[in-house]
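Numbering (our numbering), first residue to last: 118 to 197. The C-beta atom is built at its ideal place from N, Cα and C for all residues, glycine as well. Structure first, commentary second.
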Amino acid sequence: MLDLGTSFLASVARDPEALAIVGDGDVRLTYSAWYKIISALVTSFDEIGLAPGDHLVTVLQNRWEAATIHWACQFAGIII
Numbered sequence: 118m119l120d121l122g123t124s125f126l127a128s129v130a131r132d133p134e135a136l137a138i139v140g141d142g143d144v145r146l147t148y149s150a151w152y153k154i155i156s157a158l159v160t161s162f163d164e165i166g167l168a169p170g171d172h173l174v175t176v177l178q179n180r181w182e183a184a185t186i187h188w189a190c191q192f193a194g195i196i197i
């Protein structure tokens, strides 16, 4: 089954050094680098006790950090 998480992981596997994010200033992240940041955030969610099905509220503008939190929630099963 193809879902958002699977499609993201497919992009990481297909071309890990492809540019995934261009943010403000000098922010340029490849899929591989971005996935490492996302994975670290998933681990942090677990460490603070967030579990699949929990809700997380954010107040962020359309920035790469918001996209990072979105993907981390997708992988962790957290509702954003």
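If you reduce the DSSP assignment to three classes, tell me which class residue 176 lands in. Residue 176: coil per DSSP, three-state reduction.
Under three-state DSSP, which class holds residue 129? helix
Please say whether residue 192 and residue 156 have beta carbons closer to each other than 9 Å? Taking a C-beta distance under 9 Å as the contact criterion, residue 156 and residue 192 qualify as a contact pair.
Grab the span of the alpha helix (DSSP H) containing residue 159 for me, first residue to last. 148-164
Identify the continuous alpha helix (DSSP H) that holds residue 186 and give its terminal residues. In the DSSP assignment, residue 186 falls within the unbroken alpha helix (DSSP H) covering 181-193.
How would you write the range of the beta strand (DSSP E) that residue 139 sits in, first residue to last? 136-139
Could you check the C-alpha separation between residue 190 and residue 131 for me, to the nearest Å? 22 Å
My assumption, with CB atoms under 8 Å, is that residue 195 sits in contact with residue 171. Please give the rounded CB distance. 5 Å
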